[in-house]
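Single-structure report; data block below.
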Amino acid sequence: GGEAIKMFKNAEPEALRSKLSKLQEDLKLKRIEKDAFDSQALELLSGLKNLGEVLTADELSISQAVGGGVSGFTKTSDIHVGAAAEGGLLAAAASDLSAAK
104 GGEAIKMFKN
114 AEPEALRSKL
124 SKLQEDLKLK
134 RIEKDAFDSQ
144 ALELLSGLKN
154 LGEVLTADEL
164 SISQAVGGGV
174 SGFTKTSDIH
184 VGAAAEGGLL
194 AAAASDLSAA
204 K
């Protein structure tokens, strides 16, 4: 809980990522329960997202695996996409809209 919050305030993406990989290791070695992993991993991932970090493919797959029903965290619109990809998505959406008229 509080430990991750402190890291968010200090805005240290690397610290969040290393904590996440340690969590994954703990889960593999069964040092923590799956639900404890899920909540902590989501907290770390949303911290990264709030810092404007682009989630790696690995992080996205964790967020989709653990975030299934958690307050829309994994809705694709919430996932930070690189600016270039975002522009492409908006252009595609715009052309779909004009085609629909």
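By the working numbering, the letter at position 67 of the sequence shown is numbered 170, and the numbering carries on one by one without gaps. We put the CB at the ideal spot given by N, CA and C, even for glycine. Quick caveat, the model's predicted, so the values are computed rather than measured.
Open item on the list: Going by beta-carbon coordinates alone, are Q143 and L163 separated by less than 7 Å?
Closed with: Contact flag unset, no.
- [ ] For I135, name the three-state secondary structure that DSSP assigns.
- [x] Reduced to three states, the DSSP call for I135 is coil.
Task: Classification of K133 by the beta-carbon crowding that lies within 10 angstroms, buried from 16 upward - done: By the neighbour-count rule (16 or more Cβ atoms within 10 Å), K133 is not buried but exposed.
- [ ] Indicate whether L148 and P116 have their beta-carbon atoms separated by less than 7 Å.
- [x] It is not a contact, given that the beta carbons lie outside the stated cut-off.
Task: CB of F140 within 7 Å of CB of L151, strictly - done: Going by C-beta atoms, F140 is not nearer than 7 Å to L151.
- [ ] Find the nearest neighbour of R120 within the set E156, V169, A168, judged by alpha-carbon distance.
- [x] Residue E156 is the option with its Cα nearest to R120.
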